[in-house]
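Following: one structure in structure tokens, then a few remarks.
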Amino acid sequence: LDGVTRPSLLGRLGAFLVPIPSLFQAGMIASALGYGLTATLISLRAFFIPSHVAATVKVNILHACLYTGGFMALLSNVRYQVLQGIIEPLFIERFFSKFPFIQAFLIF
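If you count the sequence shown from 1, position 76 lands on 68 in our numbering, and the numbers rise without skipping.
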């Protein structure tokens, strides 16, 4: 946008809905790698050191992946939309427009 044109209601809804599938996918993959690697390492430790008692509880990896994907798709998306649509233009750009280094630091 050029900073002057106001987006339509459909455009605003699209800005919220378009990133949901990719954020869900990123959350699923990251969670599968994280929980999967952790479960693999715990299983290897139990195999090589049978006397060791794991202090962890087994986690259903599929449920953890779905939860993390949903969290990324919904809450991270809402946070990003609020940050990009409200906080940056109304506060950071307004109050720090004369200090581009500070503005870039706060936006990054």
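For every residue, glycine included, the Cβ atom is placed at its ideal position computed from N, Cα and C.
Please report the straight-line C-alpha distance between residue i and residue j, rounded to a whole angstrom.
{"i": "Glu85", "j": "Phe40", "result": "57 angstroms"}
{"i": "Val49", "j": "Leu36", "result": "15 angstroms"}
{"i": "Arg71", "j": "Ile94", "result": "21 angstroms"}
{"i": "Leu9", "j": "Ser0", "result": "14 angstroms"}
{"i": "Leu82", "j": "Pro13", "result": "28 angstroms"}
{"i": "Ile53", "j": "Gln73", "result": "29 angstroms"}
{"i": "Pro92", "j": "Thr32", "result": "47 angstroms"}
{"i": "Leu75", "j": "Tyr27", "result": "29 angstroms"}
{"i": "Gly6", "j": "Val45", "result": "50 angstroms"}
{"i": "Lys90", "j": "Ala96", "result": "11 angstroms"}
{"i": "Leu29", "j": "Val51", "result": "12 angstroms"}
{"i": "Thr(-3)", "j": "Arg4", "result": "12 angstroms"}
With a CB to CB cut of under 7 angstroms and the five nearest residues on each side skipped, what residues in its chain are close to residue i?
{"i": "Phe98", "result": "Reading the sequence as shown, one finds Leu at residue 98 and not Phe. Hits under 7 angstroms: Ile84 and Phe88."}
{"i": "Ala18", "result": "Met64"}
{"i": "Ile34", "result": "Ala46 and Thr48"}
{"i": "Glu80", "result": "Ile99"}
My understanding is that residue i touches residue j, with C-beta atoms under 8 angstroms, so please give their C-beta distance in whole angstroms.
{"i": "Ser68", "j": "Leu2", "result": "Not quite, the Cβ-Cβ distance comes to about 23 angstroms (not below 8 angstroms), so this is no contact."}
Cutting at 8 angstroms between CB atoms, please list the residues of its own chain near residue i, excluding the five before and the five after it.
{"i": "Leu66", "result": "Ile12"}
{"i": "Leu38", "result": "Note that residue 38 corresponds to Ala in the displayed sequence, not to Leu. These residues qualify, in order along the chain: His44 and Ala46."}
Please go through the same chain and pick out, in chain order, the residues whose beta-carbon is closer than 6 angstroms to the beta-carbon of residue i, but skip the five residues on each side of it.
{"i": "Ser43", "result": "none"}
{"i": "Gly62", "result": "none"}
- Query: Between the segment 52 to 72 and the segment 22 to 31, do three or more beta carbon pairs fall short of 8 angstroms?
  - Reply: yes
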